Each structure stands twice: as C-alpha cells, then as structure tokens.
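Single-structure report; data block below.
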Amino acid sequence: MRETRLWLLSLACTTLLLFLLGAHFALMHYSPVFYGQTVEETRTFAALLERGRQTAFLVIYLLFLAAALYHGLYGLRGILLELPLARSYGRWVSGALVVVGLAFFAYGTYVTWWTFTQ
Amino acid sequence: MSMTSQKPIPPRPNALGLKGWVYAGRYSFERYLYLLHRLTGVGLIVYLLLHIIETGQRLAGEGAWTALMALFATPLFKFMEYVLFAAFVFHALNGVRLKLTELGFFLGRPAQPVYPYPSSVKRHRPLTYVLMILAALTIVLGGSSLFF
Chain R
53 MRETRLWLLS LACTTLLLFL LGAHFALMHY SPVFYGQTVE ETRTFAALLE
103 RGRQTAFLVI YLLFLAAALY HGLYGLRGIL LELPLARSYG RWVSGALVVV
153 GLAFFAYGTY VTWWTFTQ
Chain C
8 MSMTSQKPIP PRPNALGLKG WVYAGRYSFE RYLYLLHRLT GVGLIVYLLL
58 HIIETGQRLA GEGAWTALMA LFATPLFKFM EYVLFAAFVF HALNGVRLKL
108 TELGFFLGRP AQPVYPYPSS VKRHRPLTYV LMILAALTIV LGGSSLFF
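Chains R and C, in that order, are what the protein sequence lines are. Residue numbers 53 to 170, in our numbering, belong to the letters of the first sequence in order. Residue numbers 8 to 155, in our numbering, belong to the letters of the second sequence in order.
Laid out in structure tokens, this is it:
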C-alpha cells in the first residue's frame, strides 16, 4: 500500500512536470519562438528578478522543484533497488535519497524566496 | 524422497545484473525504449541537481550570473542544452506511453489465454509508434529552432 501511494504521487508529479517543464523549455530555451525575445534577453539578471518577484512564479517554481525532485529521485530509487544487493541496502538507499531530496529542495526554496524578496 | 522435503529455490532478482539493462534479447523494440528511458531519466535527474546549484549562482550577484550565462551561450553548452531537450522530449513522451499502459489504456479487452497468446505489447504498439514519431518530430523541430 505504501509503495502504491509513492507510485501514485510520482504519477501525479509526471502530469505536472509535463506542463511545467514544457513551459520552462518554451520560456528559457525557446523564447524566440514562443515569446519573440532572444534567449539572452530572457536570461538577464533583471529579467530573472522581474519574473522571480511575481507570486505566480514563486508558486510555480516551488511546485516545479518539488515535483521534479520527487519524480526524479523516486525513479532513481527504483533503479537502485533493482541492484542485486543486501536487503538492508534498500533502506539506506531510500533514506539517502530522502536526505538528498530535502537538501536540494531546501536550497532551491531558499534561492526562490531570495529572488522573490529582491 | 518426497517433494515436500525439498527446499524451495530462492528467487534471483535481476540475475543478469547490468547486462539485464542493456541486452534486449527477444523483447525487441520496447526493451530499448525502456533502456533509453532509464538513461535519459538518470541524465535528467543528474542535470536537475546541477541546475539547482547553478541557478543558485544568482546569490553571488549580477556579475557572477552574467558570466555564467555567457558560458551557457557558447556552442558547446548550446549543444548540451539541445541534448537535454531531446532527452526530456523522449522521456516525457515515452513516459506518457508507460503511464497510459500502466493505467490499462490501449491494451484491449482481457481474453482467454489461448495459443497464439495475445500480447499487450503488440496491442499498444500503434500508440508506441505514434508517440515515438511525435518525439522524433519535436526533437528535429527543436533542433532547427535552436541552431538556425
């Protein structure tokens, strides 16, 4: 049951990521096609702060960060747990990935919040 | 000797090890999609972690950020960006296929196991082809707008 819930959460994250990552690529990597702006213009420090100060972007970035980290590390866990190693290894892998995920989420949240408050 | 006295043979999970990930054997096309899905997935998670650190460079101020963006504007990084885009497109569209089939779509109605046995893989293969053609087109179009 626990594994089913973890899988369902990953499934929900994929749906969110499909839209958010698609939009992220459109904005940051294909801005000339979608926004009529050069990539360099989209990535200036001023443009970065202008976007980051908006509440909508704050919410989107945090959702994006959480969904991408969860889905990515959940997938990595699945790969690592398939390795033919000792049973206790599974608990260590899961624990280590939770720590890594929380650390990166905390750092990403701090950077996002710092931008929002500039 | 009775059958009940025999100890059961313990299962051997992923007995092929690394070879099991790269050798498709008789499992054909979908097995290679599975391998590519894993490779792109690992690549994307590694990139995500680096990307979180890299975007934190803004904390060092405008000068550091501008220098980093100048580095990303070089042809090598442009190419790596395109590889990343291609990995995302493939992973996303193959992921759509996996989720749809895991949820029971495009598998047809359940049938009696009568020889020749129906294959769920073959039943959803048209979906596989459509999604992979879509992925290829998106990757080509993405490359044309990034480089030209």
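Every residue, glycine too, gets a C-beta built ideally from N, C-alpha and C. Values in this document were obtained by computation on a predicted structure and should not be read as measured data.
Look at MET139 of chain C: its C-beta is not under 8 Å from any C-beta on chain R. Proximity to LEU25 of chain C across R:LEU100, R:ALA98 and R:PRO136 peaks at R:PRO136, based on C-alpha coordinates.
By the neighbour-count definition (other C-beta atoms within 10 Å, threshold 16), SER140 of chain R is an exposed residue. Taking all protein chains shown into account, ARG104 of chain C has 16 or more neighbouring C-beta atoms within 10 Å of its C-beta and is therefore buried. With a beta-carbon spacing of about 4 Å, THR94 of chain R and SER83 of chain R fall inside the 8 Å limit used to define contacts. Around the beta carbon of TRP165 of chain R, a 10 Å sphere encloses fewer than 16 other beta carbons of the protein chains shown; the residue is thus reported as exposed. Closer than 8 Å to the CB of ALA99 of chain C there is at least one CB belonging to chain R.
Spanning the alpha carbons of ILE140 of chain C and GLY68 of chain C requires a straight line of approximately 43 Å. A direct Cα-Cα distance of roughly 17 Å separates ALA118 of chain R from ALA99 of chain C. Taking the beta carbon of VAL111 of chain R as reference, no residue of chain C falls within 7 Å; the closest one sits roughly 17 Å away. Cβ-Cβ distances below 8 Å link THR135 of chain C to PHE36, GLU37, LEU40 and ARG104 in the same chain, with the five nearest sequence neighbours on each side left out; the list follows chain order. Inter-segment contact for the region 144 to 156 of chain R and the region 124 to 135 of chain R is present: three or more beta-carbon pairs are separated by less than 8 Å. The shortest C-alpha to C-alpha distance from TYR122 of chain R to any of R:GLN106, R:PHE109 and R:VAL152 is the one to R:VAL152. Interface residue (Cβ-Cβ distance to chain R less than 8 Å): ALA93 of chain C is not classified as such.
Here ALA94 of chain C is near LEU51 of chain C, since their CB atoms are less than 8 Å apart. Straight-line measurement puts the Cα of ARG54 of chain R at about 43 Å from the Cα of VAL91 of chain R.
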